[in-house]
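Comments concern the structure below.
So, in structure tokens, the structure goes:
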């Protein structure tokens, strides 16, 4: 298993991983160079334990993603690409009508054209999202290949919980 690291010292990153693994009761070596940290072979039991530890560490993010998915489904907002990736909740592609509905649920003005363009929806949703989450932000970009959709970026679990609070019935 090879993992990229952003730590300036890979040997320091490898030592940190070794220490964490040892503290978790896992006997796995870790070495590093300038670009990567390499984990040694894992016994199946150690691999399962490592997977459990990772899931425990991401539990709050997974729980927030599940709650956000349920709330969006209740409001009939389709976010088919909503998932957890790299410790963040990726919201993904959203049709314009769903993006407008989400913005209005977050407090955006309900006035405006019935069929707004993607750029207007992008701006409306970005402003409403920030206001409803106390300054939280989500990247909203216009999809050139799909003029009837916008692409929503990723948010952390804390911002997701604020979003959930703003959307509660």
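Numbering (this note's numbering), first residue to last: 49 to 217.
C-beta: ideal position from N, C-alpha, C; glycine also.
Computed from a predicted model, the values in this text were never measured in an experiment.
Item to check | Stretch-stretch touch, CB-based, cutoff 8 angstroms, three pairs: the region 172 to 191 with the region 142 to 158 | outcome: Touching, yes.
Checklist entry - To the nearest angstrom, how far is it from the Cα of residue 96 to the Cα of residue 169? => result Spanning the two alpha carbons is a distance of roughly 44 angstroms.
Checklist entry - What is the DSSP secondary structure of residue 100, counted as helix, strand or coil? => result Residue 100 falls in the helix class under three-state DSSP.
Item to check | Buried versus exposed, by CB contacts within 10 Å (16 or more), residue 80 | outcome: By the neighbour-count definition (other C-beta atoms within 10 Å, threshold 16), residue 80 is a buried residue.
Next on the checklist: Please return the same chain residues whose Cβ sits closer than 7 angstroms to the Cβ of residue 110, not counting the five positions on each side in sequence.
Outcome noted: In the same chain as residue 110, and ignoring 5 residues on each side of it, the C-beta atoms closer than 7 angstroms to its own belong to 132, in chain order.
Item to check | Beta carbon of residue 146 nearer than 9 angstroms to that of residue 119 | outcome: Cβ distance not < 9 angstroms, so residue 146 and residue 119 don't count as in contact.
Item to check | Chain-order list of residues whose beta-carbon lies under 6 angstroms from that of residue 209 (same chain, five-residue window excluded) | outcome: Correct list, in chain order: 112.
Checklist entry - Does the Cβ of residue 114 have 16 or more other Cβ atoms within 10 Å, making it buried, or fewer, making it exposed? => result Residue burial annotation: residue 114 is exposed, with fewer than 16 other C-beta atoms found within 10 angstroms of its C-beta.
Checklist entry - If you compare alpha carbons, which of 193, 90, 60 is closest to residue 82? => result The shortest C-alpha separation from residue 82 is found at 60.
Next on the checklist: For a test of the three-state rule: what should DSSP assign to residue 208, helix, strand or coil?
Outcome noted: Residue state, collapsed to three classes: helix.
Item to check | Limits of the alpha helix (DSSP H) - the one that residue 108 falls within | outcome: Per DSSP, residue 108 belongs to the alpha helix (DSSP H) from 107 to 122.
Next on the checklist: Run through the DSSP bridge pairs and tell me what residue 214 is partnered with.
Outcome noted: The partner list for residue 214 (beta bridge, DSSP) is empty, contrary to what the question assumes.
Checklist entry - Say the cut is 8 angstroms; is the CB of residue 65 nearer than that to a heavy atom of the ligand ZN? => result In the structure shown, the ligand ZN is absent, as is every other ligand, since no ligand is present at all.
Next on the checklist: If I follow the unbroken alpha helix (DSSP H) through residue 144, where does it start and stop?
Outcome noted: Where residue 144 is concerned, the enclosing alpha helix (DSSP H) starts and stops at 144 to 153.
Item to check | Closest by C-alpha distance to residue 104, when choosing among 116, 182, 72 | outcome: Among 116, 182, 72, the Cα nearest to that of residue 104 is on 72.
Checklist entry - Can you tell me where the alpha helix (DSSP H) with residue 130 in it begins and where it stops? => result According to the DSSP assignment, residue 130 belongs to no alpha helix (DSSP H), since it is labelled neither H nor E.
Checklist entry - In the region 162 to 186, which residue ranges form an unbroken alpha helix (DSSP H) of at least 4 residues, counting only runs that do not cross its ends? => result Runs of the alpha helix (DSSP H) lying entirely within the region 162 to 186, each at least 4 residues long, are 166 to 180 in chain order.
Next on the checklist: Rounding to the nearest angstrom, what Cα-Cα distance links residue 122 and residue 211 in this structure?
Outcome noted: Those two C-alpha atoms are separated by around 15 angstroms.
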